[in-house]
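Structure record follows, encoded as structure tokens.
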Amino acid sequence: MTATPRRPDTPFASCAQHPACPRPERPSPDREAAGRRRGPSGAVGTARDLLTLAALPVLAALALPAAFAGGGTRRWFGGRAESQRAEAQAAKDAAAAAFYELDTAQRDLRISIETLTAVDDSPAAHRAVSDFDALGRRIDEVSHQYINAVDAHDLDRDDLEAAVASRARAELTTAKDELARVKRELDRFAEGLGPLLGKAETQLARLAPAVERARQALLAATNALDSVRSSGLKAEDLAARLAALGPELTKLNQGAGQHGVQQTLERADRVVRDAEAVRAEAERLPERAAEIDHRLVSLRTRAEALRTRSGQVEPVLSELRRRFTTACWQDLQHVPEQATRSVAQAELKLREAQAAREKQRWPDATSLLSTVRALLNSTDEAVSAAGDRLRRLNAVQKDPQAEIDRTRFALRDAQRLAMAGRSTPDPRHARPLDDSVARLERAVATLEGRHPDYWHFLTETEAVRATAARVVSQIRGERGAGGA
Numbered sequence: 130m131t132a133t134p135r136r137p138d139t140p141f142a143s144c145a146q147h148p149a150c151p152r153p154e155r156p157s158p159d160r161e162a163a164g165r166r167r168g169p170s171g172a173v174g175t176a177r178d179l180l181t182l183a184a185l186p187v188l189a190a191l192a193l194p195a196a197f198a199g200g201g202t203r204r205w206f207g208g209r210a211e212s213q214r215a216e217a218q219a220a221k222d223a224a225a226a227a228f229y230e231l232d233t234a235q236r237d238l239r240i241s242i243e244t245l246t247a248v249d250d251s252p253a254a255h256r257a258v259s260d261f262d263a264l265g266r267r268i269d270e271v272s273h274q275y276i277n278a279v280d281a282h283d284l285d286r287d288d289l290e291a292a293v294a295s296r297a298r299a300e301l302t303t304a305k306d307e308l309a310r311v312k313r314e315l316d317r318f319a320e321g322l323g324p325l326l327g328k329a330e331t332q333l334a335r336l337a338p339a340v341e342r343a344r345q346a347l348l349a350a351t352n353a354l355d356s357v358r359s360s361g362l363k364a365e366d367l368a369a370r371l372a373a374l375g376p377e378l379t380k381l382n383q384g385a386g387q388h389g390v391q392q393t394l395e396r397a398d399r400v401v402r403d404a405e406a407v408r409a410e411a412e413r414l415p416e417r418a419a420e421i422d423h424r425l426v427s428l429r430t431r432a433e434a435l436r437t438r439s440g441q442v443e444p445v446l447s448e449l450r451r452r453f454t455t456a457c458w459q460d461l462q463h464v465p466e467q468a469t470r471s472v473a474q475a476e477l478k479l480r481e482a483q484a485a486r487e488k489q490r491w492p493d494a495t496s497l498l499s500t501v502r503a504l505l506n507s508t509d510e511a512v513s514a515a516g517d518r519l520r521r522l523n524a525v526q527k528d529p530q531a532e533i534d535r536t537r538f539a540l541r542d543a544q545r546l547a548m549a550g551r552s553t554p555d556p557r558h559a560r561p562l563d564d565s566v567a568r569l570e571r572a573v574a575t576l577e578g579r580h581p582d583y584w585h586f587l588t589e590t591e592a593v594r595a596t597a598a599r600v601v602s603q604i605r606g607e608r609g610a611g612g613a
């Protein structure tokens, strides 16, 4: 509570303003006229006046003792009542000073509490607010006590009694002491509030720069988008994303007082992040459009080349059928027609991507081009598989021993590593290697027939080498972990 009692300029009212003060009597017009009318006929009046003047000293002598007898009249030269009045006035001034100090401290601390409330939502902050409210109620109590003491005693009264002044001084001194005591409690509370206020002020110090960064990020994104549009690119999706940030900017402009400091900081960071993304994409949009144009041309060329290559698969299959058993080429039977279908599908997607690019639907164009690339990759692998199969079968038919030696070398290398530093190998390593040796021997035995299945032989030797490589990787991993 805040209140400012009326303080008089002086504890004493001027005598001229008091109704009890004697006032000089102004002569009436009749008397003046009578004085002017002096002559032979006014001799009687003159004698009366002389008698009156002669009696004045006697009357004054009789009245003077009564004036100093204290018969209920105010003393002319002070006394105990005036001394008590001065002490009461001094107590009143001291109480007023204590009241103003407490009121100022409470106002200053209220600003700090409002700052803390806007920034910090922790339990400690809530406790601080609750404690401040309790102090506020105590401040209201002592302030009312002070104001009541001031209003109860009029120290400017001319008839102020010494007992009344003494009682006023006591009540005002008590009020001053209570105000000072609560002020000390308020000071201790303010000191304990330091860490929380420091944290809150740190967040407040971040607030203005964060909001400014958000505004600058939005401005940069807007400028980048305008520049892109001036080059003929629509960028409608980017414009929509930028427009969605408008309400966020409005909330930032409304301030932390309405939305909270922490929420405003988070909103500013989010606006910066989203605006930066829009700006970056807008700046990259011309490059992205050129990249899509390049990919369209490149994938179209590749589709045409695969269409030509897919027509060459059938002669390769004919040679495989003529020279090798069915198991060597049966899984490649459907490659030509699959390649034709895949290339046709890729060309259809290319046309859709071209249409999306012309409408500047960049995400759609990018997605369609990725589909085209996947189709062409799978077609390329299938077409290449036929020629690769014929090459490998020719090589193993001509010299199967080279494939056998290559596989046995991989097994022996794995076996030497498994025995390094050991008298007996670890069963986890020895067992798969022993099984692989037996598997290789069985694969070699299949070459003894009149029409050997070379493709089965190649797949078996490849599997044996894969097992040996896996064992080697396992051993090195275990030893590396043990050394660490």
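First residue of the sequence shown: 130, per the numbering used here; consecutive thereafter. Where is the CB? At the ideal position from N, CA and C, for every residue including glycine.
Beta carbon of residue i nearer than 7 Å to that of residue j
i, j, result
"GLN544", "TYR583", "no"
"VAL258", "THR246", "yes"
"PHE587", "SER565", "The sequence given here places Leu at residue 587; Phe does not occur at that position. Contact: no."
"VAL311", "ARG267", "yes"
"THR655", "THR536", "No statement about residue 655 is possible, as the shown extent of the chain runs from 130 to 613 and does not include it."
"ALA468", "THR508", "yes"
"LYS363", "GLN489", "yes"
"VAL442", "LEU519", "no"
"ARG214", "LEU322", "no"
"ARG438", "VAL407", "no"
"ALA339", "ILE421", "no"
"ALA220", "THR302", "yes"
"LEU367", "ALA329", "no"
"GLU487", "ALA432", "no"
"LEU374", "ASP398", "no"
"ALA353", "VAL400", "no"
"PHE453", "LEU522", "yes"
"VAL600", "LEU569", "no"
"GLN274", "ALA299", "no"
"ALA511", "VAL464", "yes"
"VAL96", "LEU238", "For the chain, the structure presents residues 130 to 613; residue 96 sits outside this window and is missing."
"ILE604", "VAL573", "no"
"HIS282", "ALA292", "no"
N- and C-terminal bounds of the alpha helix (DSSP H) containing residue i
i, result
"PRO444", "442 to 452"
"THR437", "390 to 439"
"GLN530", "529 to 548"
"GLY375", "375 to 383"
For residue i, the three-state DSSP class (helix, strand or coil)
i, result
"VAL491", "Per the sequence presented here, residue 491 reads as Trp, with Val not at that position. Three-state DSSP puts TRP491 in a helix."
"ALA334", "helix"
"LYS363", "coil"
"LEU185", "Only weak support exists for where LEU185 lies, its pLDDT of 38 falling under 50; the value from the coordinates is given anyway. The answer is helix: DSSP assigns LEU185 an H, G or I state."
"GLU578", "The question names Glu, but residue 578 is Gly in the sequence shown. DSSP places GLY578 in coil when its eight states are reduced to three."
"PRO554", "coil"
"HIS585", "helix"
"ALA462", "Per the sequence shown, the amino acid found at residue 462 is Gln instead of Ala. If DSSP states are grouped into helix, strand and coil, GLN462 belongs with coil."
"LEU322", "coil"
"ARG605", "helix"
"LEU308", "helix"
"ARG594", "helix"
"GLU154", "Bear in mind that a pLDDT of 39 at GLU154, under 50, signals an unreliable position, so the model cannot answer this."
"VAL600", "helix"
Contained alpha helix (DSSP H) runs [length at least 4] in the stretch 217 to 290, N- to C-terminal order: 252 to 281
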